[in-house]
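Report on one structure; see the data block that follows.
Numbering (my numbering), first residue to last: 115 to 406.
The structure is reproduced here in structure tokens:
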């Protein structure tokens, strides 16, 4: 659905995603992170009904459980004790700190799913290909590494399943042996394709001169307006964060969860920033209805 945002200049979209990731690491407040997480999920639902996120549900769920449950086991600091047995206690501060860390991480993961869809390899090479060609290539390969490995592993699993080789059946020793076979096939598959890619790049004289871009991206007036909004919003929120807003102090004494004063304004601007791609799409739909 979010087509208008994808049609923006690569500089605009790259700035938005870079700013969004920075905010998810800076604004460590449960209200901020929960709002950002649900806005990102809303965007994914409107775009492809969560088709891109479905493959990451298990990772997201396990990450949240690990951070929320493991942190209180090793961190007993805090004044608000929830459960206590023997010399060990579970505090509200430890649970909240684990939850904040979990939501920050899984929000960044889901945001990267959208980033990989919008920032295509051609856009990354267009941005960095002439100035930093090696960095552009490394960045492109790094961002596509995990999704590519997952697709290859799914293909391998489908082929092995047709042969009757399943890692979900048999004794643990048999499962481990079959799992190592999967890893061996995946590594062999990846190395063979890497050699083919290197030979193809060498045949095309990659790195011998300045690289031309396959796509030509034009800079429009709404790109300038978008960049102005992104930079302006980021500046205000970063300054607010440095002043002390948008952050929940947990240790040694936990602050109140209530948003007061500048926190309310910063929270509204924070939500508006993450809704920016949706505002573009909704604005385009409204404009189409008015003039048609």
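For glycine and all other residues, C-beta sits at the position ideal for the given N, C-alpha and C.
Quiz item: Going by the beta-carbon positions, is the gap between residue 134 and residue 388 smaller than 8 angstroms?
Solution: For the purposes of this step, residue 134 is taken as the residue at position 20 of the chain shown. For the purposes of this step, residue 388 is taken as the residue at position 274 of the chain shown. Contact: yes.
Quiz item: Using 8 angstroms as the threshold, is the stretch 363 to 377 in touch with the stretch 154 to 165, meaning 3 or more CB pairs across them?
Solution: no
Quiz item: Looking at the structure shown, is residue 199 part of a helix, part of a strand, or coil, going by DSSP?
Solution: Translated into the one-based positions of the chain shown, residue 199 becomes position 85. It is a strand residue.
Exercise. Can you grab the Cα-Cα spacing for the pair residue 217 / residue 173, in whole Å?
Key: Here residue 217 corresponds to residue number 103 of the chain shown, with the count starting at 1. Here residue 173 corresponds to residue number 59 of the chain shown, with the count starting at 1. Rounded to whole angstroms, residue 217 to residue 173 spans 13 angstroms at the Cα level.
Quiz item: DSSP state of residue 364, grouped into three classes?
Solution: Taking the first residue of the chain shown as position 1, residue 364 is located at position 250. Residue state, collapsed to three classes: coil.
Quiz prompt | Nearest candidate by alpha-carbon position, reference residue 275, set 145, 317, 295, 287 | solution = Along the chain shown, read from residue 1 onward, the residue named residue 275 stands at position 161. Out of 145, 317, 295, 287, 295 has the C-alpha closest to the C-alpha of residue 275.
Practice problem: Could you tell me which residues DSSP puts in a beta bridge with residue 204? | Solution: By 1-based counting over the chain shown, the position of residue 204 is 90. For residue 204, which the question treats as bridged, DSSP gives the partners 197.
Self-check item: residue 240 vs residue 124 beta-carbon contact at 8 angstroms
Solution: If you number the chain shown from 1, residue 240 lands on position 126. If you number the chain shown from 1, residue 124 lands on position 10. Going by C-beta atoms, residue 240 is nearer than 8 angstroms to residue 124.
Self-check item: Simplified DSSP assignment, three categories, for residue 333
Solution: The count along the chain shown starts at 1 and reaches residue 333 at position 219. Residue 333 falls in the coil class under three-state DSSP.
Quiz prompt | Sequence-distant residues of its chain with Cβ nearer than 8 angstroms to residue 261 (five each side left out) | solution = In the chain shown, counting from the first residue as 1, residue 261 sits at position 147. 230, listed in sequence order.
Practice problem: For the alpha helix (DSSP H) containing residue 286, list its first residue and its last residue. | Solution: On the chain shown, residue 286 is found 172 positions in, with the first residue counted as 1. Element bounds for residue 286: 286 to 317.
Quiz item: Around the C-beta of residue 363, are 16 or more other C-beta atoms found within 10 angstroms, so that it is buried, or is it exposed?
Solution: As a working note, residue 363 is residue 249 in the chain shown. Exposed is the call here.
Quiz item: What distance in whole Å lies between the Cβ atoms of residue 254 and residue 128, which are believed to be in contact at a cut-off of 8 angstroms?
Solution: Here the question's residue 128 lines up with position 14 in the chain shown. Here the question's residue 254 lines up with position 140 in the chain shown. That pair is no contact at about 13 angstroms.
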